[in-house]
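Data block below; observations after.
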Amino acid sequence: MNNGTLTVVLVLVAIFIIITVVNVAVKAVKQNYVTETALLSVGSDSESVQGVFIRDEKVVTYNGNGVISYEVSDGGKLGIGSVIANVYSSETQIEIKQRIAMLENELALLERISNPGTTKTAQPSNISDLFMQDYKNFLYHREQDDFTELQSQREEMVVLLSTYQLVTGKDAGYTVKIQSLEAELEALRNSQEEPLDVIPAEEASYFVSYADGYENQFSMQTLDNLTPEQLANVRDNPSNNNGIVGKLISSYQWGLAAVVDNSERIYQKGDRVSLKFASTSEIVKGEITNVNPSDDPEKSVIVVTCETMTHDLVQHRTENVEIIRADYQGIKVPRSAIHFKTFTDEETGETQTARGVYILNGEQPEFRKLNVVYEGVDYVISAQTKENGYLMLYDSIIRKGIDADGQ
4 MNNGTLTVVL
14 VLVAIFIIIT
24 VVNVAVKAVK
34 QNYVTETALL
44 SVGSDSESVQ
54 GVFIRDEKVV
64 TYNGNGVISY
74 EVSDGGKLGI
84 GSVIANVYSS
94 ETQIEIKQRI
104 AMLENELALL
114 ERISNPGTTK
124 TAQPSNISDL
134 FMQDYKNFLY
144 HREQDDFTEL
154 QSQREEMVVL
164 LSTYQLVTGK
174 DAGYTVKIQS
184 LEAELEALRN
194 SQEEPLDVIP
204 AEEASYFVSY
214 ADGYENQFSM
224 QTLDNLTPEQ
234 LANVRDNPSN
244 NNGIVGKLIS
254 SYQWGLAAVV
264 DNSERIYQKG
274 DRVSLKFAST
284 SEIVKGEITN
294 VNPSDDPEKS
304 VIVVTCETMT
314 HDLVQHRTEN
324 VEIIRADYQG
334 IKVPRSAIHF
344 KTFTDEETGE
354 TQTARGVYIL
364 NGEQPEFRKL
374 NVVYEGVDYV
384 ISAQTKENGY
394 LMLYDSIIRK
404 GIDADGQ
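Numbering-wise, this note's numbering comes out as the position in the sequence shown, counting from 1, plus 3.
So this is what it looks like as structure tokens:
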């Protein structure tokens, strides 16, 4: 090889190296993408309002002397003649009654623990597994604010721990405790008096231990005539003055009335919605049975009729509530990642613009269309689909580092 040929070869090699280095550098700069994985999410089409509870209610009063002890909790169901409350001569008698109930529950728990049938079949390993399951249930009910189930789970855990002590040979002295409880119970029962009077339910109903003055103003028969002005003046004002014992709710069916902007007719009679209250974790389902317009197009009264009766749902006359019109599930996409791209149909020649995102397919960005079913403030939710060209679960969405043309 002569010197001229060698020089040409060296020059070509140098040019190739330079081009390669430049290409790698440009590629590194252009592929400095910020990405996130496409994951499932849930969004709600909802709004928060101040709701007013509408029920068929009848106030219960008692004008005699004595101290009232309720026999039914708020939201509890009563039959005709069922005892709402007993009337005692003093607070002391009520305290004795409450103490007896507590000790009877504790005694039943100890007798269950010390039952030979409980300990003979129990194995330490099984008890440990059951305790861990009860503990998980306890945490779940705590998150749900379900205090009734919390107490039940607590008792189950006490039984398991105590049984574990017995089967592992540790004497917890339950026999002595049972004898002590039985002696205290006998003394309390001897000092207990019969109630002075009984307050019965005159009809089958649900009970609430307060009244607020709106019992005669609102009922299920007034739903068609409710106005924004009426609801705006409603306040929570529970009271048991003037001999009021509480009230009876004659039906499990009740309404939640609220003032909303329905100028775009987003609420229609017959729509099914869900209600999420501030005071309870329970989601209550209902149907819109009334849409009452007013002179102001931005103020209409809607009534959601429900058929769920619980302790929490009878504690208020008015409460903040979220009306959920629909829930959506799909792939969450940040708005900062959304681009619009124009396509030309190869068969018809027509052009159309699609909303979508760029994803990384290997090292190359590719456009994927979105099927948007919900729009939040800074994100959208795209429905899952197996159709080609659409965003799929676990795709790497490019949030930064790319323009509308995919460059």
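Even for Gly, the Cβ is constructed at its ideal location relative to N, Cα and C.
- Query: Helix, strand or coil for S49 per DSSP?
  - Reply: strand
- Query: CA-CA distance, K80 and S242?
  - Reply: 21 Å
- In terms of residues, what are the limits of the beta strand (DSSP E) holding A329? 321-337
- Does the stretch 282-294 come close enough to the stretch 241-255 that 3 or more CB-CB pairs lie under 8 Å? no
- Query: Got a sec? Which residues, its chain only, sit under 7 Å from P300 by beta carbon, not counting five neighbours each side?
  - Reply: S266
- With hydrogens ignored, establish whether the beta-carbon of I405 is closer than 7 Å to any heavy atom of the ligand NAD. This structure lacks the ligand NAD; in fact it carries no ligand of any kind.
- May I ask you to report which of helix, strand or coil DSSP gives R115? helix
- Query: For M135 and chain D, any beta-carbon pair shorter than 8 Å?
  - Reply: Any reference to chain D falls outside this structure, which holds one protein chain only.
- Item | Pick from E205, T64, R402 that is closest to F370, judged by C-alpha positions | R402
- With contact counted as at least three CB pairs below 8 Å, one residue from each stretch, are the stretch 209-218 and the stretch 251-265 in contact? yes
- Looking only at DSSP bridge pairs, what is L234 linked to? In the DSSP output, where bridge partners are listed per residue, L234 has none listed.
- Item | Of the residues R58, N89, K272, the one placed nearest N68, counting alpha carbons only | N89
- Message: Going by DSSP in three states, T38 sits in which element: helix, strand or coil?
- Response: strand
- Start and end of the beta strand (DSSP E) containing T308? 303-309
- For the alpha helix (DSSP H) containing S183, list its first residue and its last residue. 177-194
- Might you give, ordered along the chain, the residues of its own chain that have their beta carbon closer than 6 Å to the beta carbon of E390, omitting 5 neighbours on each side? none
- Task: Give me the Cα-Cα distance between R358 and N374, rounded to the nearest whole angstrom.
- Result: 8 Å
- Item | Residue(s) in a DSSP beta bridge with G365 | Paired residues: none, contrary to the question.
- Message: Just verifying my parser: in three-state terms, what is the DSSP assignment at V162?
- Response: helix
- Per the contact definition of three or more C-beta pairs closer than 8 Å, is the stretch 129-141 in contact with the stretch 159-168? yes
- Identify, in the order they occur along the chain, each residue of the same chain with its Cβ nearer than 6 Å to the Cβ of V306, setting aside the five sequence neighbours on each side. L226, G258, A260, T292, N293
- Task: Specify the secondary structure class of V317 as computed by DSSP and reduced to three states.
- Result: helix
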